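S.K.:
Numbering (this note's numbering), first residue to last: 690 to 810.
1) Would you report the Cα separation of residue 747 and residue 776, rounded to the nearest angstrom?
2) Put residue 732 into one of helix, strand or coil per three-state DSSP.
3) Is the CB of residue 709 under 7 Å away from at least one CB in chain C?
4) Compute the distance between the beta-carbons of residue 773 and residue 791, then report whether it is under 7 Å.
5) Flag residue 765 as yes when its Cβ comes closer than 6 Å to any non-hydrogen atom of the ligand PLP, and as no otherwise.
6) So residue 758 and residue 745 are supposed to be a Cβ contact under 8 Å. How far apart are they, rounded?
7) Using 10 angstroms around the beta-carbon of residue 709, count the other beta-carbons present and answer buried if the total reaches 16, otherwise exposed.
8) Residue 760 and residue 788 look like a contact to me (Cβ under 8 Å); what is the Cβ gap, rounded to whole Å?
9) Hey, would you say residue 729 sits closer than 7 Å to residue 750, going by beta carbons?
10) Tell me which same chain residues have a C-beta within less than 6 Å of the C-beta of residue 778, skipping the five on either side of it?
11) Name the DSSP beta bridge partners of residue 747, please?
12) Can you list, in chain order, the residues of its chain whose CB lies under 8 Å from that of residue 762, leaving out five sequence neighbours each side?
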């Protein structure tokens with residue numbers, strides 16, 4: 690969809706129940722519009738800059754990548770927030786997003802049981 694969701698913070702040594710909670714939350718998200726990638730990244734950077742999250746410096750976006758992004762604006766927002774961008778592509782690709790991402794991951798379907806594998810692209 691096209692609306693940034695509320696912030697979810699997962700600490701490095703998160704308990705398995707917290708990780709499961711995050712995965713369940715992600716699983717409830719339904720597609721239906723284009724991902725507004727620029728707006729999502731900028732919103733996350735604003736949360737970091739405004740101190741809504743302490744000790745966070747990574748923005749993670751999950752998307753099918755079907756959107757144009759404002760590369761210059763996104764780069765500036767990431768720099769101003771001293772943040773890095775991790776992009777997780779779900780059955781898609783986006784050359785613009787690949788260029789601005791510090792880490793660009795792709796999800797592949799492995800078999801008929803819908804097992805997924807995330808690999809660095």
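Glycine included, each C-beta is placed from N, C-alpha and C at the ideal position.
Note that the structure is a prediction, hence the values are computed from the model and not measured.
M.R.: Let me spell this out:
1) On the chain shown, position 58 is the one that residue 747 refers to. On the chain shown, position 87 is the one that residue 776 refers to. Approximately 10 Å, taken between the alpha carbons.
2) As a position in the chain shown, residue 732 is number 43, starting the count at 1. The answer is helix: DSSP assigns residue 732 an H, G or I state.
3) The structure shown contains no chain C; it holds only a single protein chain.
4) Within the chain shown, numbered from 1, the residue matching residue 773 stands at position 84. Within the chain shown, numbered from 1, the residue matching residue 791 stands at position 102. If you check the CB distance, residue 773 and residue 791 come in under 7 Å.
5) As for the ligand PLP, it is missing from this structure, which has no ligand bound.
6) Within the chain shown, numbered from 1, the residue matching residue 758 stands at position 69. Within the chain shown, numbered from 1, the residue matching residue 745 stands at position 56. Rounded to the nearest angstrom, the Cβ distance from residue 758 to residue 745 is 21 Å, too far for a contact under 8 Å.
7) Position 20 of the chain shown, counted from the first residue, corresponds to residue 709. Exposed: under 16 other Cβ atoms inside 10 Å.
8) Here residue 760 refers to the residue found at position 71 when the chain shown is read from its first residue. Here residue 788 refers to the residue found at position 99 when the chain shown is read from its first residue. Contact annotation, residue 760 with residue 788: C-beta distance approximately 7 Å; criterion of less than 8 Å satisfied.
9) Stepping through the chain shown from its first residue, residue 729 is reached at position 40. Stepping through the chain shown from its first residue, residue 750 is reached at position 61. It is a contact, given that the beta carbons lie within the stated cut-off.
10) Translated into the one-based positions of the chain shown, residue 778 becomes position 89. Cβ neighbours of residue 778 within its own chain (closer than 6 Å, five residues either side excluded): 754, 795.
11) Here residue 747 is taken as the residue at index 58 of the chain shown, counted from 1. In the DSSP assignment, residue 747 is bridged to 773.
12) As a position in the chain shown, residue 762 is number 73, starting the count at 1. The residues are 727, 731.
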